[in-house]
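This report concerns only the one structure given below.
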Amino acid sequence: MSDLETIQELQEALQRADDRYNRAMLQLRTLTVSTVQLCADLAVLCEANLAGDVVLVMSKVEQFTQAYKRNRKPVGSVH
10 MSDLETIQEL
20 QEALQRADDR
30 YNRAMLQLRT
40 LTVSTVQLCA
50 DLAVLCEANL
60 AGDVVLVMSK
70 VEQFTQAYKR
80 NRKPVGSVH
C-alpha cells in the first residue's frame, strides 16, 4: 500500500466520521427544539391547571393526544 493510498483511505475515513458527526448534531438539534417546545407546552398546561382554566387544560390535553396519534402507533388499550 502506497502513502497516497493510505492518505486517501484516511481522508475517506475522516469524511465518514464528519458525516456521522453532522447527522448526530442534526438529531441533537431536532431533539433539543422538540424538548424545549414540549416543556413550554407543559408549562402552559400546568399554569392553566393552577389557574383553574379547565378549557385551556382540556385543549392542551387534546393537542397532546392528537400529536401522539400523528407521531406514534398506539399499541392498543392501556387497560
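Each residue of the sequence shown is one higher than the last, beginning at 10 in this note's numbering.
Every residue gets a Cβ at the ideal spot worked out from N, C-alpha and C, and that includes glycine.
Just so it is clear, the structure is predicted and the values come from calculations on it, not from any experiment.
Whole-angstrom distance between Met10 and Leu40, CA atom to CA atom
43 Å
Between the C-alpha atoms of Cys48 and Cys55, what's the straight-line distance to the nearest angstrom?
10 Å
When the Cα atoms are used, what is the spatial distance from Arg38 to Asn80?
Within the model, the alpha-carbon separation for Arg38 versus Asn80 is close to 18 Å.
Going by the beta-carbon positions, is the gap between Lys78 and Val53 smaller than 8 Å?
no
Check Asp50 in the structure and name its three-state DSSP category.
helix
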